[in-house]
Amino acid sequence: MKNNICFKRIFYVFILSVALNCFAETADLTEPMKESLVYLDISTTTYDQSQPWKQTPVSKDSGFGCAVGPYEVLTTAENVRDISFLQARTYGSNAYIPATVKTVDYELNLCLVELDKNAMDAPLTPLSFSVSYPKSKQLTTYWLSSDNHLTTARSTLDRAEMQNSDISFVKNLTYFATNVSRPFGDGEVCCDESDVIGMACWGTDSDSGIIPSETINNFLSHCKKKTYSGFAAPGFKTYSLLNPTMRAYLKMPAEIKNGVYVSTVYSIGTGSEELRQGDVILSINGWQLNSYGRYEHPDYKFISFEHILSKTPAGDKIPFEIFRDGKKIKIDVIAKVIESDNMLVPYYGYGKQPEFIVAGGFVLQKLTRDYLAMRGSDWSRMAPPHLYRYYSEMSFMPSDKRKDIVILSYVLPIEMNLGYHQLSGLVVDSINGTKISTLVDVGNIIKAQDDSKNIEISFEMDNPDVIIPRQQLNTANRQVSQLYGIQQMANINN
Amino acid sequence: MLFVKHLQDITGKHSCVGILLILLAAPLLAGLSYAQSSQTYEKSVIMIIAVTQEYDFSTPWKKGPMGRGSGSGFIIDGNRILTNAHNVANQRYIEVKKQNLAKRYPAQVQFVGHDCDLALLTVIDPEFYKDTEPLSFGPLPQINSTVHTCGFPMGGRQISITEGVVSRLETSVYSHSQASQHLVVQTDAAINPGNSGGPVFQDGKVVGVAFQGLTSGDNIGYMIPTTVIAHFLKDIEDGRYDGFGKFGISLYPGLHNPYYKKHLKIPDEEDGVVIIDVLLNSTSYGKLRTGDVLTKIDDFNIDNDGRILIDGLSLELSEIMDRKQIGQSAALTFYRDGEKQQQDLPIAANNPVLPWNRQYDTKPDYRVFAGLTFVQLNRNFLETWGNSWIADIPFSLRYLFIESNQLNKNPDRKEYVVLSEILPDEVNAYLRGFKNQPIDSFNGMTINKLEDLDRAFQEDENGFWVVKFIENDTPMVIDASKARMNQGLILQKYQVPTETQENEKQYLF
Numbered sequence: 279m280k281n282n283i284c285f286k287r288i289f290y291v292f293i294l295s296v297a298l299n300c301f302a303e304t305a306d307l308t309e310p311m312k313e314s315l316v317y318l319d320i321s322t323t324t325y326d327q328s329q330p331w332k333q334t335p336v337s338k339d340s341g342f343g344c345a346v347g348p349y350e351v352l353t354t355a356e357n358v359r360d361i362s363f364l365q366a367r368t369y370g371s372n373a374y375i376p377a378t379v380k381t382v383d384y385e386l387n388l389c390l391v392e393l394d395k396n397a398m399d400a401p402l403t404p405l406s407f408s409v410s411y412p413k414s415k416q417l418t419t420y421w422l423s424s425d426n427h428l429t430t431a432r433s434t435l436d437r438a439e440m441q442n443s444d445i446s447f448v449k450n451l452t453y454f455a456t457n458v459s460r461p462f463g464d465g466e467v468c469c470d471e472s473d474v475i476g477m478a479c480w481g482t483d484s485d486s487g488i489i490p491s492e493t494i495n496n497f498l499s500h501c502k503k504k505t506y507s508g509f510a511a512p513g514f515k516t517y518s519l520l521n522p523t524m525r526a527y528l529k530m531p532a533e534i535k536n537g538v539y540v541s542t543v544y545s546i547g548t549g550s551e552e553l554r555q556g557d558v559i560l561s562i563n564g565w566q567l568n569s570y571g572r573y574e575h576p577d578y579k580f581i582s583f584e585h586i587l588s589k590t591p592a593g594d595k596i597p598f599e600i601f602r603d604g605k606k607i608k609i610d611v612i613a614k615v616i617e618s619d620n621m622l623v624p625y626y627g628y629g630k631q632p633e634f635i636v637a638g639g640f641v642l643q644k645l646t647r648d649y650l651a652m653r654g655s656d657w658s659r660m661a662p663p664h665l666y667r668y669y670s671e672m673s674f675m676p677s678d679k680r681k682d683i684v685i686l687s688y689v690l691p692i693e694m695n696l697g698y699h700q701l702s703g704l705v706v707d708s709i710n711g712t713k714i715s716t717l718v719d720v721g722n723i724i725k726a727q728d729d730s731k732n733i734e735i736s737f738e739m740d741n742p743d744v745i746i747p748r749q750q751l752n753t754a755n756r757q758v759s760q761l762y763g764i765q766q767m768a769n770i771n772n
Numbered sequence: 052m053l054f055v056k057h058l059q060d061i062t063g064k065h066s067c068v069g070i071l072l073i074l075l076a077a078p079l080l081a082g083l084s085y086a087q088s089s090q091t092y093e094k095s096v097i098m099i100i101a102v103t104q105e106y107d108f109s110t111p112w113k114k115g116p117m118g119r120g121s122g123s124g125f126i127i128d129g130n131r132i133l134t135n136a137h138n139v140a141n142q143r144y145i146e147v148k149k150q151n152l153a154k155r156y157p158a159q160v161q162f163v164g165h166d167c168d169l170a171l172l173t174v175i176d177p178e179f180y181k182d183t184e185p186l187s188f189g190p191l192p193q194i195n196s197t198v199h200t201c202g203f204p205m206g207g208r209q210i211s212i213t214e215g216v217v218s219r220l221e222t223s224v225y226s227h228s229q230a231s232q233h234l235v236v237q238t239d240a241a242i243n244p245g246n247s248g249g250p251v252f253q254d255g256k257v258v259g260v261a262f263q264g265l266t267s268g269d270n271i272g273y274m275i276p277t278t279v280i281a282h283f284l285k286d287i288e289d290g291r292y293d294g295f296g297k298f299g300i301s302l303y304p305g306l307h308n309p310y311y312k313k314h315l316k317i318p319d320e321e322d323g324v325v326i327i328d329v330l331l332n333s334t335s336y337g338k339l340r341t342g343d344v345l346t347k348i349d350d351f352n353i354d355n356d357g358r359i360l361i362d363g364l365s366l367e368l369s370e371i372m373d374r375k376q377i378g379q380s381a382a383l384t385f386y387r388d389g390e391k392q393q394q395d396l397p398i399a400a401n402n403p404v405l406p407w408n409r410q411y412d413t414k415p416d417y418r419v420f421a422g423l424t425f426v427q428l429n430r431n432f433l434e435t436w437g438n439s440w441i442a443d444i445p446f447s448l449r450y451l452f453i454e455s456n457q458l459n460k461n462p463d464r465k466e467y468v469v470l471s472e473i474l475p476d477e478v479n480a481y482l483r484g485f486k487n488q489p490i491d492s493f494n495g496m497t498i499n500k501l502e503d504l505d506r507a508f509q510e511d512e513n514g515f516w517v518v519k520f521i522e523n524d525t526p527m528v529i530d531a532s533k534a535r536m537n538q539g540l541i542l543q544k545y546q547v548p549t550e551t552q553e554n555e556k557q558y559l560f
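In structure tokens form, the structure reads like this:
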């Protein structure tokens with residue numbers, strides 16, 4: 279037993295010495311970073327999804343950023359979503375510098391912020407990001423804390439994967455850092471020795487995610503263009519093609535052993551027009567895809583094809599090799615972004631007021647992911663299935679006939695809408711016989727000065743029709759506005 | 052939200068949307084009893100002990116663990132014992148015992164109505180009925196009148212009698228089936244686990260069968276009223292229990308709104324309730340329409356809440372159907388396009404494409420091919436996910452379960468079929484991802500019922516079986532000849548009985 283303890287002590291000493299060695303060898307960028315890092319003081323406010331005419335109370339948040347130009351700062355898009363006011367502080371100064379968002383890409387989770395030149399004593403020293411993947415190496419992360427202290431943390435770079443950020447539906451290359459010495463994940467700068475390799479975008483007590491330099495450089499060079507058009511997002515979904523029987527059924531010759539099956543093609547996004555359900559994608563841009571849809575990257579090894587798309591600016595041609603109807607063919611696919619606003623059920627609407635109309639106490643809203651998510655962390659299991667299906671199955675399937683899902687969220691009770699007070703969460707099908715494609719349609723029909731006596735709203739599934747007498751509408755709206763303190767009766771974006 | 056417990060001592064695993072069923076372990080402990088009197092009718096109250104066992108609904112050739120529970124019952128005319136269905140559901144063995152006598156008598160189930168939670172038992176040994184008197188039934192009790200509950204609840208071995216008053220009469224969910232709704236009588240007489248199936252007396256007559264209680268409330272117990280018992284006893288006179296019928300319509304109390312009322316062209320003086328859906332294949336299908344307004348059922352006027360005044364009580368109009376047998380008609384008066392119309396509508400058994408009622412005493416049907424196990428999509432299968440099944444089941448199944456009446460537009464569909472389990476074998480090595488998905492078609496043939504698979508398996512598409520699932524564009528492809536070759540081995544390896552399955556299922560609403 280005693281021997282054993284002795285052995286353990288020796289072992290610990292050994293480990294300690296190895297660790298000390300590591301620290302000794304690591305470059306310390308604390309001094310130079312003082313001229314490049316900023317602390318961001320962020321005020322945010324959003325809208326109450328159930329009362330979209332109302333803003334939520336302002337909340338204060340903090341984030342971090344680094345200089346990429348003398349007066350330009352890079353941070354994560356997550357830091358600036360729903361922002362109402364932004365100011366920055368530099369090292370050694372107590373003054374707050376007003377800042378504005380210049381370019382934001384929620385899909386890449388990156389944002390370019392411009393600081394007010396006139397409020398600054400000296401320009402910042404821009405950092406340059408070097409593209410490298412120092413797997414298994416120790417990283418040092420730097421940030422300027424709220425109390426103006428240049429802070430560091432250590433971690434180990436574990437792996438690279440395509441991952442959704444918390445704020446978008448698009449997958450991006452993310453480095454995973456493990457064994458973090460203290461949590462970071464809000465725009466801190468991550469370095470391997472003296473190389474800046476990325477910016478932290480999320481963090482827990484043990485792990486952090488890092489946006490790699492590769493993505494950052496793409497973003498920054500794209501920012502220099504006249505208009506920022508974004509990067510390709512997939513307009514299709516794949517299913518792994520492991521089953522040899524399935525391959526035989528698709529009449530694929532035995533020598534083709536690779537390729538991934540296209541299970542769904544959306545109506546928006548890259549490939550939405552060129553691909554068909556049932557295609558097998560063999561290669562993209564010359565890179566062969568395996569049965570899981572991964573290709574072999576020289577550094578990241580097998581990584582999802584989404585990596586290729588995420589680097590391609592919108593408008594570029596991407597050559598695809600596919601297997602279709604028993605033949606190998608080559609097609610050019612035009613890189614397309616997916617804008618949240620164009621989705622049937624928008625994924626996000628940062629900084630935007632939700633779209634709604636209150637008519638006769640009936641609260642009509644555009645169905646969005648944020649609306650469903652107000653049910654709390656378990657929302658995907660708790661949301662009404664008929665509404666949730668539009669989000670989970672149809673989000674990327676808008677059509678000319680249907681661009682929005684308009685719902686009757688609930689009813690603000692007044693005498694005129696007696697008998698309807700309990701209605702909630704119903705999908706509007708048509709109004710006065712016209713099928714509803716957008717909330718704009720609803721607004722137009724309600725405002726219309728035609729000779730129809732009533733506004734008749736029909737819903738999907740087994741629900742009653744709602745009848746609103748036009749003659750009563752103005753009085754009813756006034757009553758609702760006064761009774762429930764609603765200043766704004768509609769917000770419709772054309 | 053109601054929290055209802057069964058008043059039967061039993062162990063088991065159950066739960067449902069909105070209604071939490073708590074079944075308590077049988078504490079058959081010795082203890083003091085304070086049964087005060089020994090009136091003759093108490094001799095007809097008996098204790099029922101049942102051993103139960105359920106099938107596993109995802110691999111139906113297997114049976115679950117055994118459970119043992121006790122409840123109460125009472126003797127009625129014709130040497131029959133009336134009790135709750137949940138006392139004897141999925142029974143394998145039943146014995147009954149009389150007050151103050153050690154002897155146990157084996158009993159058999161004659162009839163069981165799981166939708167109304169009633170069952171009739173019989174004991175073959177005539178000695179059992181010696182010194183007992185059949186109990187007779189009284190009317191619906193008055194609110195605030197005194198009742199006595201009689202039975203063998205937890206806390207002792209002797210018969211127990213508790214007194215209370217009738218607090219309400221209304222339509223409520225019968226938690227045994229988790230879906231059927233009928234009239235219940237609420238009382239504050241202490242009703243505890245083990246009371247289930249026991250009689251509730253007033254003036255020497257049975258006015259109800261104690262059957263469930265609220266776990267969250269104090270002294271809130273429920274009994275099955277004699278109107279429901281009368282339906283059950285009348286129903287079985289022809290030697291078969293058919294259950295309670297339905298019209299298959301959804302109603303909305305929309306006439307509270309004067310503009311909607313005017314829109315539907317209903318005269319000012321009329322009250323009624325709006326039909327917002329007519330279920331496919333129901334007795335009303337093709338006869339009633341969405342937008343019709345029901346104003347009268349038989350001689351009862353329907354109010355704007357969809358209720359009728361019957362026996363001095365304001366009850367759902369389903370009360371009329373509950374008091375009739377399947378096959379009997381009700382006269383409906385309704386407005387369509389401003390015109391008053393009348394129609395006699397037969398009350399029919401409801402066979403939903405996705406059963407909401409929990410099933411008991413049925414041997415679930417299944418098909419196993421290529422190790423792929425197919426079963427009917429029903430509540431029992433979904434409940435295999437455990438207590439929070441409604442949130443835990445895959446979304447596609449939850450959507451179907453909640454909205455099947457709306458989603459099914461196929462009049463030929465009898466049921467939904469789901470891939471419930473994959474018994475691993477070379478032939479299905481890559482098919483794991485399709486588990487728990489509902490089938491749409493097999494080799495292009497729409498699957499409307501489990502039996503359709505028998506024919507589907509006979510054929511193939513150029514050597515492939517191609518299975519499509521609902522709302523999934525990716526087909527599941529199987530090598531048909533390899534599957535046929537491995538069939539025997541798979542069944543043997545996983546001990547799946549090979550005899551043809553007899554479909555014995557029966558839905559009761």
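If you read the sequences in order, they're chains P and U. Under my numbering, the first residue of the first sequence carries the number 279, and numbering increases by one thereafter. Under my numbering, the first residue of the second sequence carries the number 52, and numbering increases by one thereafter. In this text, a Cβ means the ideal position worked out from N, Cα and C, and glycines have one as well.
Can you grab the Cα-Cα spacing for the pair Ser-187 (chain U) / Gly-437 (chain U), in whole Å? Going from the Cα of Ser-187 (chain U) to the Cα of Gly-437 (chain U) covers about 41 Å.
Can you have a look at Ile-607 (chain P) and say buried or exposed, based on whether 16 or more other CB atoms are within 10 angstroms of its CB? By the neighbour-count criterion, in which a residue is buried when 16 or more other Cβ atoms sit within 10 angstroms of its Cβ, Ile-607 (chain P) is exposed.
Buried/exposed call for Arg-430 (chain U), threshold 16 Cβ in 10 Å: Answer is buried; the Cβ neighbour count reaches 16.
Please classify Pro-663 (chain P): does DSSP put it in a helix, a strand, or coil? DSSP, read as helix, strand or coil, puts Pro-663 (chain P) in helix.
At what residues does the beta strand (DSSP E) containing Thr-266 (chain U) begin and finish? That residue, Thr-266 (chain U), is in no beta strand (DSSP E); it is neither H nor E in DSSP.
Near-chain P residues of the stretch 279-308 of chain U (beta-carbon distance less than 8 Å), N- to C-terminal order: If the cut-off is 8 Å between Cβ atoms, the stretch 279-308 of chain U has Ser-301, Tyr-303, Pro-304, Gly-305, Leu-306, His-307, Asn-308 near chain P.
So the beta strand (DSSP E) His-233 (chain U) belongs to, where does it begin and stop? Run containing His-233 (chain U): 232-238, per the beta strand (DSSP E) assignment.
CB-CB under 7 Å to Val-758 (chain P), same chain, minus the five flanking residues each way: which ones, in chain order? Annotation for Val-758 (chain P): Val-636, Gly-639, Leu-690, Ile-692, Ile-764 place their beta carbon closer than 7 Å to its own, counting only its chain and skipping 5 residues before and after.
Using a Cβ cut-off of 7 Å (strictly closer), state whether Tyr-310 (chain U) contacts chain P. With respect to chain P, the C-beta atom of Tyr-310 (chain U) has a partner C-beta closer than 7 Å.
Can you list the alpha helix (DSSP H) stretches of 4 or more residues lying completely in the stretch 506-553 of chain P, in chain order? For the stretch 506-553 of chain P, whole alpha helix (DSSP H) runs of length 4 or above, ordered along the chain, are 522-527.
Tell me Cys-479 (chain P)'s beta-bridge partners as DSSP assigns them. In DSSP, Cys-479 (chain P) forms no bridge with anything.
Please report how far the alpha carbon of Ser-333 (chain U) lies from the alpha carbon of Ile-733 (chain P), in whole angstroms. Straight through space, the alpha carbons of Ile-733 (chain P) and Ser-333 (chain U) are spaced by roughly 32 Å.
Identify the residues that DSSP records as bridge partners of Ile-132 (chain U): which are they? DSSP, once it has assigned bridges, lists U:Ile-126, U:Leu-172 as partnering Ile-132 (chain U).
Taking the CB atoms as reference points, tell me whether Thr-266 (chain U) and Ala-241 (chain U) lie closer together than 7 Å. No, Cβ-Cβ distance for Thr-266 (chain U) and Ala-241 (chain U) is not below 7 Å.
Would you grab the beta carbon distance between Asp-373 (chain U) and Ala-382 (chain U) for me? Rounded to a whole angstrom, and I think it's under 8 Å. Not confirmed; about 16 Å, so no contact.
Measuring straight from C-alpha to C-alpha, what distance separates Asp-719 (chain P) and Leu-402 (chain P)? If you take the alpha carbons of Asp-719 (chain P) and Leu-402 (chain P), they lie about 50 Å apart.
Classify Arg-374 (chain U) as helix, strand or coil using the three-state DSSP reduction. In the structure shown, Arg-374 (chain U) sits in coil (DSSP, three-state: anything other than H, G, I, E or B).
Residue interval of the beta strand (DSSP E) (run including Leu-717 (chain P)): Counting along the chain, Leu-717 (chain P) falls outside any beta strand (DSSP E), though it belongs to the alpha helix (DSSP H) covering 717-725.
Kindly indicate which residue of U:Met-274, U:Glu-466, U:Tyr-467, U:Leu-482 has the alpha-carbon position closest to the one of Ile-473 (chain U). The option with the nearest alpha carbon to Ile-473 (chain U) is U:Leu-482.
Exposure of Gln-329 (chain P), with buried meaning 16 or more beta-carbon neighbours within 10 Å: Flag for Gln-329 (chain P) reads buried.
Neighbour list for Arg-667 (chain P) in chain U, Cβ cutoff strictly below 7 Å: What Arg-667 (chain P) touches in chain U: Tyr-450.
Checking 7 Å against the spacing of the C-beta atoms, do Val-217 (chain U) and Val-236 (chain U) come in under that value? The answer is yes: Cβ separation under 7 Å.
Can you pull the chain U residues whose beta carbon is under 8 Å from the beta carbon of Pro-742 (chain P), in chain order? Against Pro-742 (chain P), the close residues of chain U are Tyr-303, Gly-305, Tyr-311, Val-325, Ile-327, in the order they occur along the chain (beta-carbon pairs closer than 8 Å).
Bounding residues of the alpha helix (DSSP H) (the contiguous stretch that carries Ser-333 (chain U)): Element bounds for Ser-333 (chain U): n/a, residue is neither H nor E.
Output the distance between the C-alpha atoms of Ala-526 (chain P) and Glu-477 (chain U), rounded to the nearest integer angstrom. If you take the alpha carbons of Ala-526 (chain P) and Glu-477 (chain U), they lie about 16 Å apart.
What residue from P:Asp-656, P:Thr-381, P:Ile-609 has the CA that sits closest to Thr-548 (chain P)'s CA? Looking at the Cα atoms, P:Ile-609 is the closest of the given residues.
Residue interval of the alpha helix (DSSP H) (run including Asp-648 (chain P)): Note, Asp-648 (chain P): alpha helix (DSSP H), 647-651.
Please identify the residue among P:Pro-597, P:Leu-364, P:Ser-561 whose C-alpha is closest to the C-alpha of Ser-582 (chain P). Between Ser-582 (chain P) and the set P:Pro-597, P:Leu-364, P:Ser-561, the nearest pair of CA atoms involves P:Ser-561.
For a contact meaning CB atoms closer than 7 Å, what does Arg-659 (chain P) contact in chain U? Neighbours of Arg-659 (chain P) on chain U, chain order: Ala-442.
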